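Step one of this worksheet: look at the structure below.
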Amino acid sequence: MAPLKLYGAAASTNTARAVAVLNELGLDYDFITVDLSGGANKKPDFLTLNPFGLVPAFEDGDIKLFESRAIAKYLAAHYGPGLLKSASKAESAAVEVWLEVESQEFNPPASAIVSEGLLKPLLYGGSPDLVVVRAQEAKLGQTPQERLITSRPHVKSWWEQISARPGWKKAAAAIPF
Ligand SMILES: N[C@@H](CCC(=O)N[C@@H](CS)C(=O)NCC(=O)O)C(=O)O
């Protein structure tokens, strides 16, 4: 079988999402670093993998994928037997709802905060624009999910358990800051 291939960058949080699932499932894969600062992701070769010129991109033999959440779901569906199985219609619907909340409501402000507060100073030597950071924090704070994790003992315990999983710890250790 052709090896699975993940094209990404160590400092990319979207790459880390795919890496976490590959690790969680214990899959062997080749990691191909894409030089984002040199613009390799906008070159014709890479655009055949992802026409939007963004990492991660993924290959499983002839199957080419992009979008980190699509890669994660593909891996869970095809390499994690039973992983996506739900006990009921209600459970599978709730899973879909919260997957959407993560990508549509949580991720935009959270990734803007990471990019402004962490990536900008560490990778580009700039200072975080605190007006941007505060505005994005306010978006998170205005949702009914404020203090969702820390204020709820069961959610907090779930968060601590998934954060302690070896697959995630390995993925997090590969992020260079
Ligand atoms: N929705 C995409 C977003 C991918 C994305 O924004 N990747 C960033 C790195 S985290 C990237 O490739 N940036 C390079 C650029 O904008 O040129 C996903 O989840 O895969």
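Residue numbers for the sequence shown follow the working numbering, so the first one is 2 and each next one is one higher. Even for Gly, the Cβ is constructed at its ideal location relative to N, Cα and C. As the structure is a prediction and not an experimental result, all values here were calculated from the model.
Tell me, which residues are paired with residue i by DSSP?
i   : result
F67 : A58
K6  : D31 and E60
Of all the options the options, which has the alpha carbon lying nearest to the alpha carbon of residue i?
i    : options                 : result
L55  : L66, A165 and R135      : L66
K6   : A58, K43 and P52        : A58
V96  : H155, A11, S116 and K74 : K74
P33  : E103, I64 and V20       : Inspection of the sequence shows that residue 33 is occupied by Ile rather than by Pro. The option with the nearest alpha carbon to I33 is V20.
A71  : T49, S93, S104 and P109 : S104
R166 : T16, S87 and G27        : G27
F107 : V22, E138 and G40       : E138
A136 : S152, P110 and L123     : P110
Between which two residues does the alpha helix (DSSP H) holding residue i run?
i    : result
R18  : T14 to E25
G168 : P167 to A174
D46  : P45 to L48
Q162 : P154 to S164
A111 : N108 to V115
E92  : K90 to E101
Can you give the beta carbon distance from residue i to residue j, rounded, assuming they're within the 8 Å contact cut?
i    : j    : result
A91  : L85  : No, A91 and L85 are not in contact; Cβ-Cβ is about 15 Å, not under 8 Å.
I176 : A10  : Not confirmed; about 10 Å, so no contact.
A12  : L120 : 7 Å
D31  : P4   : 5 Å
Exercise for the section: Mind listing which residues have their beta carbon within less than 7 Å of any non-hydrogen atom of ligand 1? Chain order is fine. Expected result: Taking every residue with its beta carbon within less than 7 Å of a heavy atom belonging to ligand 1 gives, in chain order, A10, S13, T14, N15, T16, R18, L37, N42, K43, G54, L55, V56, P57, F67, E68, S69 and R70.
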